[in-house]
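The next block holds one structure in the form of C-alpha cells; read it before the comments.
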Amino acid sequence: MITITIYRTKDIINGFIVEGHSGFAEEGSDIVCASVSILSYTAINSINLVAGVDPEFIIYDVDENIGLMSLRTLVNNDKTDVIYRNFMVGIELLLEDYSDYITLKFEEV
394 MITITIYRTK DIINGFIVEG HSGFAEEGSD IVCASVSILS YTAINSINLV AGVDPEFIIY
454 DVDENIGLMS LRTLVNNDKT DVIYRNFMVG IELLLEDYSD YITLKFEEV
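Be aware that the sequence shown starts at 394, since it is given in this note's numbering, and climbs by one per residue.
What follows is the structure, encoded as C-alpha cells:
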C-alpha cells in the first residue's frame, strides 16, 4: 500500500511524503506505483522549474528501494500552491479506481 501524506499549514500546502509500494503488480509493471511516481517527480521538478523556488528552499528525499519520496518547500507562492493542488488532484483521481492500493491523509504542520 502506498501512503501519501499531504503537509499543510492551515490552507497552505507545503509538502508531501509518499511511502511504500502499491502491490498492484510486479515491479516494472505496476501502473499504480508508476502513476504516483510520475505525479511526485513532476511536482518536485515543477517547484523549481515552474514556480521558481530556489533549490536551497526545497527539501526532498528519494529512496526507491524502500518506496519513499518526500518534498517540503520553505518558501511558497501562488505557483507552488497550484503545483501541490495539481498533485493532490492526480492522487484523488487515482484513488477513485485504486483505493485498495493508495491511502491519502493530511497532516497539519
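Where is the CB? At the ideal position from N, CA and C, for every residue including glycine.
Terminal residues of the alpha helix (DSSP H) in which residue i lies
| i | result |
| --- | --- |
| residue 456 | Counting along the chain, residue 456 falls outside any alpha helix (DSSP H), though it belongs to the beta strand (DSSP E) covering 451-456. |
| residue 420 | Careful: residue 420 lies outside any alpha helix (DSSP H) and carries neither H nor E. |
| residue 436 | 424-442 |
Run of the beta strand (DSSP E) containing residue i, from where it starts to where it stops
| i | result |
| --- | --- |
| residue 408 | 405-412 |
Simplified DSSP assignment, three categories, for residue i
| i | result |
| --- | --- |
| residue 503 | The first residue shown for the chain is 394 and the last is 502, placing residue 503 beyond what the model contains. |
| residue 494 | coil |
| residue 482 | helix |
Buried versus exposed call for residue i [16 or more other C-beta atoms within 10 Å across all chains shown]
| i | result |
| --- | --- |
| residue 452 | exposed |
| residue 394 | exposed |
| residue 499 | exposed |
| residue 495 | buried |
Sheet register partners of residue i (DSSP bridge)
| i | result |
| --- | --- |
| residue 473 | Residue 473 pairs with nothing; no bridge assigned. |
| residue 401 | 406, 501 |
| residue 395 | 495 |
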